[in-house]
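Visitor: Structure provided below as structure tokens; questions to follow.
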Amino acid sequence: MTPSAARGLVVVLIEGGSDVSEKELTAWYEEEHVPRRLTLAGFDSAFRYKAIDSKTPTWLTVYDIEAPEIANSPAYLALADQASDNEKAILAKLSGLSRRTYAHIRTFSHPDTNTNDLPTQYLLAVGFIMKSTEGEAELDKWYNEEHMELLSKVPGWKQGRRFVLTDHTARGEFVGQPVHNYFALHSFDNKDFADTVEFKQATSTEWRAKVMDLCISREARTFELYKNFGVATNLDASLMGEDSYPNSQWDPADNSDYHSGPSSYHHPVQLIDRSESSPPAASQPRSSSDSAWRDTNTLENDSLPPNESVTLVDATFDENILRSLCELDCGVPLLLDRIKQSMISCREASVFLKKRAAIEEEYGKTMHKLARTTAETYGMHDGKAGTFVASWQSAMKTHEAMGESRLRFAQRLNEMSEELATLVKEVEKNRKQTKELATRYERALQESEAVTEKSKNRLDIASEELERVLLQKEGESLKDNTVQQRAGGAGGKRAIGKAVAKGGLLLKGKNPGNIQRQEDDIRTRVSNASDAYRKAVTDTQAMRQEYFNFQLPRILRALKECADEMDLGTQYHLTRYAFLFESTILGDGSTLVPPPGEEGSPLNPGLKATLEMIDNRGDFKAYMHNYAYVRGPATPRGPRREGPSEEGFLPPLPPHQPATEKVSQASNGVNGAIHATFGVDLADQMARDNVEVPPIMEKCCQAIEKYGLESQGIYRVSGTVTRVANLRQRLDRDLDSVDLDSHEWSSDINNVSSVLKMWLRELPDPLLTFELQQGFVDAAKIENERLRHIRLHERVNDLPDANYATLKYFMGHLHRINQHAAENSMSIQNLAIVFGPTLFGQMRPTEGGAIPMPDTTNQNLAIETILTHYTDIFVDESEQ
643 MTPSAARGLV
653 VVLIEGGSDV
663 SEKELTAWYE
673 EEHVPRRLTL
683 AGFDSAFRYK
693 AIDSKTPTWL
703 TVYDIEAPEI
713 ANSPAYLALA
723 DQASDNEKAI
733 LAKLSGLSRR
743 TYAHIRTFSH
753 PDTNTNDLPT
763 QYLLAVGFIM
773 KSTEGEAELD
783 KWYNEEHMEL
793 LSKVPGWKQG
803 RRFVLTDHTA
813 RGEFVGQPVH
823 NYFALHSFDN
833 KDFADTVEFK
843 QATSTEWRAK
853 VMDLCISREA
863 RTFELYKNFG
873 VATNLDASLM
883 GEDSYPNSQW
893 DPADNSDYHS
903 GPSSYHHPVQ
913 LIDRSESSPP
923 AASQPRSSSD
933 SAWRDTNTLE
943 NDSLPPNESV
953 TLVDATFDEN
963 ILRSLCELDC
973 GVPLLLDRIK
983 QSMISCREAS
993 VFLKKRAAIE
1003 EEYGKTMHKL
1013 ARTTAETYGM
1023 HDGKAGTFVA
1033 SWQSAMKTHE
1043 AMGESRLRFA
1053 QRLNEMSEEL
1063 ATLVKEVEKN
1073 RKQTKELATR
1083 YERALQESEA
1093 VTEKSKNRLD
1103 IASEELERVL
1113 LQKEGESLKD
1123 NTVQQRAGGA
1133 GGKRAIGKAV
1143 AKGGLLLKGK
1153 NPGNIQRQED
1163 DIRTRVSNAS
1173 DAYRKAVTDT
1183 QAMRQEYFNF
1193 QLPRILRALK
1203 ECADEMDLGT
1213 QYHLTRYAFL
1223 FESTILGDGS
1233 TLVPPPGEEG
1243 SPLNPGLKAT
1253 LEMIDNRGDF
1263 KAYMHNYAYV
1273 RGPATPRGPR
1283 REGPSEEGFL
1293 PPLPPHQPAT
1303 EKVSQASNGV
1313 NGAIHATFGV
1323 DLADQMARDN
1333 VEVPPIMEKC
1343 CQAIEKYGLE
1353 SQGIYRVSGT
1363 VTRVANLRQR
1373 LDRDLDSVDL
1383 DSHEWSSDIN
1393 NVSSVLKMWL
1403 RELPDPLLTF
1413 ELQQGFVDAA
1423 KIENERLRHI
1433 RLHERVNDLP
1443 DANYATLKYF
1453 MGHLHRINQH
1463 AAENSMSIQN
1473 LAIVFGPTLF
1483 GQMRPTEGGA
1493 IPMPDTTNQN
1503 LAIETILTHY
1513 TDIFVDESEQ
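Numbering follows this note's numbering, with no gaps: position 697 of the sequence shown is 1339.
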């Protein structure tokens, strides 16, 4: 039985103390204590954990058991009486020990969690003590409707299991301490899950705060897996009946031992009345330890509309249905036929998933092979080079990634098909075993009723014989009276004849002594027959009561749970199939067209954007230049353009060159640019242009404030790669000739904001300068907010004049952006995250030439503080 299928849990908390070393405690616990418990029937697995949160108790052991009652069974309690001297000595030296038994409430698993993923390396254990039953109901509702859904989005979360307390004992320092009556175990495969944004979101909602107010106590502990003892295999079969039932007084082999005493089977108390509670823990007529389907709940994906609630697969057991089945005479055959129908449906689903996997596998392999072969063979032919080949290779990588995605989808479909096929085999086996068990119980009851009927017949025969003897005895007495008196005459003869007619003279010639002995013998036989009949009636009635009140409900419960397991398993895998199919399609869409809001990556900007990056004109110019260079001054095969005048060639005409272009080239920098802007030192730009604020910043900021103040995610959302590159080139070539008010740029203001960020990133010396980088970071590390503000103000004042003026203008621009945060969602924190690395630039290289890792957190905090106190730092009272 997998941990998620266990219906009970034994939790043992141990604190060794100073008298027991960790080595001594581990040797006893792992070599003696736990292995003995895993030999008991019902103990399925055990896992030992060690705390990593520096709290006590240090050790946690979790036993998965089939039902909570097993922890109080005679076999388990006998282990304490059979403890070795070493175990008794260690227990006496322990600082504290607490053993708690829990009943399973519900299990939640991530759709991608497999059996091999459990147990995980890290475990979060959370306990609650609620103030009232209303608080308990609210806790259940919060877990089912919000908390588990949010936890499923935390990276590394695999499974969550919830339990409710049924029993506990303590010794040492744990005596008298409160015990949490609700317990949850969350499995993670990464250690830093608590530091993730998703986990903080899951533990900071308004609903959670409401639940915490309804708690008396809540404790969360983090543990790391120390020892996995695996699944128990050496079960003590002597503690169970041959059909995996607890040994009871029902034994068809000896009908004389039936009685109507209390049964050894105990139905567990319903601890919580909830609409989504788990089935009550009860002894099972079959073992599902090898089931491929786990009793978990499937969370739907996040593609649901916001106004639709998340739907869970309902895995509860309907007790009302069970009572209705018990009242039907055809309950057993009804469930047997229903299970047969469910198996047929499950087989059909398994076959469908198998064929669907084959289709996806063929498609994925063909796509992957085509993309890789095409990419490899392109270089063998004389195809175009330049931007075309780069975009072509990128497009092939996109197709290759889509093929790999379909192969992963096919693999998961194969796994689900195999799990459904395994589920059908197991349920079919359990159905057959339970059917045989029901038949045997029915046959035993029928045999007992037949014995009762035979006893009744023997009693009736003996009673008739006794009546005849009594009539005979009465007839002999009349005869004696007639012989003695003889005065009866004809009347006396008539009396004797009447007695004979009644059967009184059956045994002629018998004297009164013989008749008396015969009467005594028959009376003895009647008495024995009466006792036998009474005992048979009592035994049959006891067996009938036990069958209809205990055995039949147990068999019907087993069959109903078998049917539910089949139905829920089929629904779970079909729901998971829908989730995976949708995720695969959405993944393909994200690969083809990355969703807005993601930084455009040159390696994967999307298929359409990749193909749009083909520059046919530029490729042709490069090809033309290379072609002419390769041919060189060789003699042309066509007509000559120039030659000597004596051969009739005219002198060449001078090329036409506008006067404006000559002036431009005479005064420019590089590549024909009038005033190069990108990659030029800030102080040089401002001195060259004789301005207080760089013109490109002023131009871009004005356009952004005019068209983008209410643009959702301005500065966080990137523009189109090709358009951003085009705008950068035009601004660098001739800043004044670019009209940002034109529809070409105002229609998508994100292109302008991306160019401005690019200009800031390409400054040779960052806006906050290499020299003052560390000073800003050190100031940001100050915890006192007022002092941090003062130190950062001082660093800002230390900036060179050009940098100070530019920072002042830009911070004013961001301040105005933030004033419209309700429309554009750009809070001060978001702006700081965007511009922290941009304004600081790369860290200054060390003496060895290595570039250290930037302190992004404190860089962002520095920008956040400066922007928060923009008015205090930059605006004079006279300017306000």
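Ideal Cβ placement from N, Cα and C applies to all residues, glycine included.
Computed from a predicted structure; not experimentally measured.
(1) Looking at the secondary structure, which residues open and close the beta strand (DSSP E) in which V1322 lies?
(2) Return helix, strand or coil for Y1357, following the three-state DSSP convention.
(3) How about the stretch 1437-1444 and the stretch 1467-1487: do they share at least three Cβ pairs that are nearer than 8 Å?
(4) Round the Cβ separation of V1111 and I1164 to the nearest angstrom and send it over; I've been treating them as touching at under 8 Å.
(5) Does DSSP put K833 in a helix, in a strand, or in coil?
(6) Name the residue from L1473, L702 and Q1344 whose alpha carbon lies nearest to the alpha carbon of A767.
(7) Distance, Cα to Cα, N949 vs A1220?
(8) Does I694 come out as helix, strand or coil in the three-state DSSP assignment?
(9) How should I1508 be labelled, buried or exposed, when 16 other C-beta atoms within 10 angstroms of its C-beta is the threshold for buried?
(10) Of all the beta strand (DSSP E) runs that stay within the bounds of the stretch 771-848, which reach a length of 3 or more residues?
(11) Given a threshold of 16 other Cβ atoms within 10 Å of its Cβ, counted over all protein chains shown, does P820 qualify as buried or as exposed?
(12) Since F805 contacts I747 with CB under 8 Å, what's their CB separation in whole angstroms?
(13) Taking the alpha carbon of T1081 as the point to measure from, which residue in G769, L978 and M1044 has its own alpha carbon closest?
(14) If contact is defined by three or more beta carbon pairs under 8 Å, each pair taking one atom from either stretch, is the stretch 734-754 in contact with the stretch 838-845?
(15) Measure the beta-carbon distance from L1216 to A991 and round it to whole angstroms, keeping in mind my assumption that it falls under 8 Å.
(16) Which ranges would you report for the alpha helix (DSSP H) in the stretch 1405-1462 if only whole runs of at least 4 residues count?
(17) At what residues does the alpha helix (DSSP H) containing V704 begin and finish?
(18) Excluding sequence positions up to five away, which residues of its chain have a Cβ less than 7 Å from the Cβ of Y1189?
(19) Give me the Cβ distance between A1422 and L1434, rounded to the nearest whole Å; I'm assuming they're in contact under 8 Å.
(20) What are the start and end residues of the alpha helix (DSSP H) that includes L1210?
(21) Look up A688 in the DSSP assignment and give the residues it is bridged to.
(22) So which of Q1193, T1040 and C1342 has the shortest CA-CA distance to A1251?
(23) Return the first residue and the last residue of the beta strand (DSSP E) that E657 is part of.
(24) Could you compute how far the alpha carbon of E1506 sits from the alpha carbon of G1350?
(25) Quick one: what does DSSP say E866 is sitting in, helix, strand or coil?
(26) Could you tell me the distance, in whole angstroms, from the CA atom of L1228 to the CA atom of A1043?
(27) Based on Cα-Cα distance, which residue from A1052, E1352, G650 and S1379 lies nearest to I707?
(28) Apart from the five residues on each side of it in sequence, which residues of its chain come closer than 8 Å, Cβ to Cβ, to P1297?
(29) Taking I1338 as part of the alpha helix (DSSP H), name the residues at either end of that continuous run.
(30) If you count every other CB in all the chains shown that lies within 10 Å of the CB of P1247, and 16 or more means buried, which is it?
(31) Give the straight-line distance between the Cα atoms of T1364 and E1254, rounded to the nearest whole angstrom.
(32) Between the C-alpha atoms of K1263 and A1447, what's the straight-line distance to the nearest angstrom?
(33) Counting pairs of Cβ atoms below 8 Å between the stretch 725-743 and the stretch 669-676, do you hit three or more?
(34) Near T1233, which residues of its chain fall below 7 Å by C-beta distance, leaving aside the five closest residues on each side in sequence?
(35) How about L1324 and L1429: are their beta carbons less than 8 Å apart?
(36) Mapping DSSP to helix, strand and coil, what is I1515?
Guide: Judging by the given coordinates:
(1) On the sequence shown, position 680 is the one that residue 1322 refers to. For V1322, there is no enclosing beta strand (DSSP E), as DSSP marks it with neither H nor E.
(2) Here the question's residue 1357 lines up with position 715 in the sequence shown. Residue state, collapsed to three classes: coil.
(3) No: the two stretches stay apart, fewer than three of their Cβ pairs being nearer than 8 Å.
(4) Within the sequence shown, the letter at position 469 stands for residue 1111. Within the sequence shown, the letter at position 522 stands for residue 1164. Contact flag correct, Cβ pair sits at about 6 Å.
(5) As a position in the sequence shown, residue 833 is number 191, starting the count at 1. K833: coil per DSSP, three-state reduction.
(6) Locating residue 767 in the sequence shown gives position 125, counting from the first residue. The candidate whose alpha carbon is nearest that of A767 is L702.
(7) Your numbering for residue 949 matches position 307 in the sequence shown. Your numbering for residue 1220 matches position 578 in the sequence shown. Unreliable placement is indicated for N949, whose pLDDT of 41 sits below 50; the coordinate value is still reported in the next sentence. The alpha-carbon atoms of N949 and A1220 are separated by roughly 20 Å.
(8) Residue numbering aside, residue 694 sits at position 52 when the sequence shown is read from its first letter. If DSSP states are grouped into helix, strand and coil, I694 belongs with coil.
(9) Here residue 1508 refers to the residue found at position 866 when the sequence shown is read from its first residue. Classification for I1508: buried.
(10) Every beta strand (DSSP E) of 3 residues or more that sits fully in the stretch 771-848 is shown, in chain order, as 799-814 and 824-830.
(11) Within the sequence shown, numbered from 1, the residue matching residue 820 stands at position 178. Answer is exposed; the Cβ neighbour count stays below 16.
(12) Sequence index remark: in the sequence shown, residue 805 carries index 163 (1-based). Sequence index remark: in the sequence shown, residue 747 carries index 105 (1-based). Their Cβ separation, rounded to whole angstroms, is 6 Å, which keeps F805 and I747 in contact under 8 Å.
(13) On the sequence shown, position 439 is the one that residue 1081 refers to. For the options G769, L978 and M1044, the alpha carbon positioned closest to that of T1081 is the one of L978.
(14) The answer is no - the stretch 734-754 does not touch the stretch 838-845, with fewer than three Cβ pairs under 8 Å.
(15) The residue you call residue 1216 lines up with position 574 of the sequence shown. The residue you call residue 991 lines up with position 349 of the sequence shown. Contact flag correct, Cβ pair sits at about 6 Å.
(16) The stretch 1405-1462 contains these whole alpha helix (DSSP H) runs: 1412-1422, 1427-1439 and 1443-1460.
(17) In the sequence shown, counting from the first residue as 1, residue 704 sits at position 62. Counting along the chain, V704 falls outside any alpha helix (DSSP H), though it belongs to the beta strand (DSSP E) covering W701 to I707.
(18) Taking the first residue of the sequence shown as 1, we reach residue 1189 at position 547. Cβ within range, chain order: Y1083 and L1087.
(19) One-based indexing of the sequence shown puts residue 1422 at position 780. One-based indexing of the sequence shown puts residue 1434 at position 792. That belief holds up - the Cβ atoms of A1422 and L1434 are roughly 7 Å apart, short of 8 Å.
(20) Taking the sequence shown and counting its residues from 1, the one referred to as residue 1210 is at position 568. For L1210, the enclosing alpha helix (DSSP H) stretches over residues L1194 to L1234.
(21) Counting from 1 along the sequence shown, the entry for residue 688 is found at position 46. Answer is Y705, bridged to A688.
(22) Taking the first residue of the sequence shown as position 1, residue 1251 is located at position 609. Closest option to A1251, judged by alpha-carbon separation, among Q1193, T1040 and C1342: T1040.
(23) For the purposes of this step, residue 657 is taken as the residue at position 15 of the sequence shown. Here the beta strand (DSSP E) through E657 covers G650 to E657.
(24) Here residue 1506 corresponds to residue number 864 of the sequence shown, with the count starting at 1. Here residue 1350 corresponds to residue number 708 of the sequence shown, with the count starting at 1. Straight-line Cα distance between these residues: approximately 21 Å.
(25) Position 224 of the sequence shown, counting from 1, holds the residue named residue 866. Strand, per DSSP.
(26) One-based indexing of the sequence shown puts residue 1228 at position 586. One-based indexing of the sequence shown puts residue 1043 at position 401. If you take the alpha carbons of L1228 and A1043, they lie about 13 Å apart.
(27) Stepping through the sequence shown from its first residue, residue 707 is reached at position 65. Comparing Cα positions, the closest option is G650.
(28) Here the question's residue 1297 lines up with position 655 in the sequence shown. A caution first: P1297 carries a pLDDT of 47, below 50, which makes its placement in the model unreliable, though a value can still be read off. Taking C-beta separations shorter than 8 Å and ignoring five residues to either side along the sequence, P1297 has no partners in its chain.
(29) Along the sequence shown, one-based indexing puts residue 1338 at 696. Looking at the DSSP string, the run of the alpha helix (DSSP H) that includes I1338 is P1337 to Y1349.
(30) Position 605 of the sequence shown, counting from 1, holds the residue named residue 1247. Buried is the call here.
(31) In the sequence shown, counting from the first residue as 1, residue 1364 sits at position 722. In the sequence shown, counting from the first residue as 1, residue 1254 sits at position 612. If you take the alpha carbons of T1364 and E1254, they lie about 8 Å apart.
(32) Translated into the one-based positions of the sequence shown, residue 1263 becomes position 621. Translated into the one-based positions of the sequence shown, residue 1447 becomes position 805. In a straight line, the C-alpha of K1263 is about 43 Å away from that of A1447.
(33) Per the Cβ contact rule, the stretch 725-743 is in contact with the stretch 669-676 (3 or more Cβ pairs under 8 Å).
(34) Locating residue 1233 in the sequence shown gives position 591, counting from the first residue. The answer, listed in chain order, is T1040, A1043 and M1044.
(35) In the sequence shown, counting from the first residue as 1, residue 1324 sits at position 682. In the sequence shown, counting from the first residue as 1, residue 1429 sits at position 787. At a Cβ-Cβ threshold of 8 Å, L1324 and L1429 do not count as neighbours.
(36) In the sequence shown, the residue the question calls residue 1515 occupies position 873. Looking at I1515 - three-state DSSP - the assignment turns out to be helix.
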